[in-house]
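Asker: Residue numbers (full-length UniProt numbering): 1 to 44.
Once you've had a glance at the structure underneath, I'll fire off some questions.
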């Protein structure tokens, strides 16, 4: 979680296994965390 910024940078790395017989689509959804109520969808 990055507080009080509109330009968060996590500098994280992820290793994913991709298999030849599977679709090569990675879908990431980003939400704004709210302490009260529903989290806000920011983008995909």
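Even for Gly, the Cβ is constructed at its ideal location relative to N, Cα and C.
Quantities reported herein were computed from a predicted structural model and do not represent experimental measurements.
1) Is residue 45 helix, strand or coil by DSSP?
2) In terms of residues, what are the limits of the beta strand (DSSP E) holding residue 41?
3) By how many angstroms is the C-alpha of residue 8 removed from the C-alpha of residue 2?
Answerer: Based on what the coordinates show:
1) Residue 45 lies beyond the residue range present for the chain, which begins at 1 and ends at 44; the question has no answer from this structure.
2) Where residue 41 is concerned, the enclosing beta strand (DSSP E) stretches over 40–43.
3) C-alpha of residue 2 to C-alpha of residue 8: approximately 6 angstroms in a straight line.
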